[in-house]
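Trainee: Residue numbering for the sequence shown follows the UniProt record's numbering, starting at 1 and increasing by one per position.
Don't be surprised by glycine CBs; every beta carbon is placed ideally from N, CA and C.
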Amino acid sequence: MADTIIIWPKEGYTLRFLLLPLLGLSLLGCQSTQQANIEDKLQPLLPIPFTEPMQPNPRAQIEVARYSELLNSAELTRNQRAELYHIRGKLYDSLGLAQLAQIDFNRALKLRPDLAETYNFIGIHHTLRQEFSEAYESFGSVLELDESYEYAYLNRGIALYYGGRKEIAVTDFERFLSSSPDDAYRMLWLYIAHSSIDPITAQAQLKANRQQLNKEAWSTQIVQFYLNEISEEQFLDGITAGVKTQKEYAERLCEAYFYIAKKHLSTGSYVKAAEYFRLTLATNVYEFVEHKYAKLELRLLREALLKASAS
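#1: Could you give the distance in angstroms between the alpha-carbon of residue 84 and the alpha-carbon of residue 108?
#2: Taking 7 angstroms as the cut-off, does the CB of residue 214 come closer than this to any heavy atom belonging to the ligand GDP?
#3: Check residue 58 in the structure and name its three-state DSSP category.
#4: Output the boundary residues of the alpha helix (DSSP H) element that contains residue 260.
#5: Going by CA-CA distance only, name the one from 105, 184, 77 that's closest to residue 90.
#6: My guess is that residue 259 and residue 301 are in contact by the Cβ rule of under 8 angstroms, so how many angstroms apart are they, rounded?
#7: Specify the secondary structure class of residue 299 as computed by DSSP and reduced to three states.
#8: Could you give the distance in angstroms between the alpha-carbon of residue 198 and the alpha-carbon of residue 127?
#9: Any idea what DSSP makes of residue 76, helix, strand or coil?
#10: Does residue 48 come out as helix, strand or coil in the three-state DSSP assignment?
#11: DSSP state of residue 186, grouped into three classes?
#12: Can you tell which of 252, 184, 117, 137 has the C-alpha that lies nearest to the C-alpha of residue 236?
#13: Can you give me the C-alpha to C-alpha distance between residue 264 and residue 77, rounded to a whole angstrom?
#14: Residue 236 lies in the alpha helix (DSSP H); which residues open and close that run?
#15: Quick check on the DSSP output: the alpha helix (DSSP H) that includes residue 229 runs from which residue to which?
#16: In whole angstroms, give me the CA-to-CA distance for residue 110 and residue 68.
#17: Please classify residue 172 as buried or exposed, where buried requires at least 16 other C-beta atoms within 10 Å of its C-beta.
#18: Compute the distance between the beta-carbons of residue 157 and residue 193, then report whether it is under 8 angstroms.
#19: State the start and end residues of the unbroken alpha helix (DSSP H) segment that holds residue 199.
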């Protein structure tokens, strides 16, 4: 039996109380009047669809406990222990426990330094902490160990993008798209990086790439939104189409909020961008790249506003 999908009404309510817990995510806090003023500027109300945040996966929590018991066994070989640390690290990551995941990934690599996927996760964590040189090195290690690990190109491209090396990021995103040219998300990341360099050419490229998309796929609507073929309201209205579970709905909202935020950010609509990034975080879909980088986007936005107000 399909889950009951809980959709908050679009009209006649506010998200103020939903968003209050997320204010604690501010890395800069409210330590000064200037910072407090900036936080106030990023607190509008948006009449948009919302749902209950994803709850921690009970099965993942049980698996964490099981792998922890196995790791306490003295009968494991070095390789077995490394593999278990890697698996438990992935579980921690899926539960949003980044620090515990990082510890396990480091333990895994110390025991077995040839785990390509572990380097990939380590690189993502470096990117989120804005440790870009370390991130590039980690993704380079992935590709040295396994040239076919295509997601290293996505994640290195993202690190290059946030690290200000956008021309090189475009190259990685193009490589990533070439292995699956009908993937809307690959198109979007290429567009995001390319548009920060040459918006007109990037728009034309996205329009050409979209011919490869399945018109019935949900992700195609995101591309249509970026090409201004549908409005933001139409895009949000279409999120529920074909959704069968609460989990699927939360995942779609996570993606939708993030890409709407990026579009607002590109046009200088910082207030709306901040609100949508917060909503992305509120979904608790920890495994998605959109959720992971929403927090970094908020941090960068605050830093930019602080810098602008100080000049």
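Mentor: Let's see:
#1: 8 angstroms
#2: No copy of the ligand GDP occurs in the structure displayed, which carries no ligand at all.
#3: Per DSSP, reduced to three states, the secondary structure at residue 58 is helical.
#4: 246–266
#5: 105
#6: In fact, because the Cβ distance is near 16 angstroms, the residues do not count as touching under 8 angstroms.
#7: Three-state result, residue 299: helix.
#8: 24 angstroms
#9: coil
#10: coil
#11: helix
#12: 252
#13: 51 angstroms
#14: 232–237
#15: In the DSSP assignment, residue 229 falls outside any alpha helix (DSSP H) and carries neither an H nor an E.
#16: 18 angstroms
#17: So residue 172 counts as buried.
#18: yes
#19: 199–209
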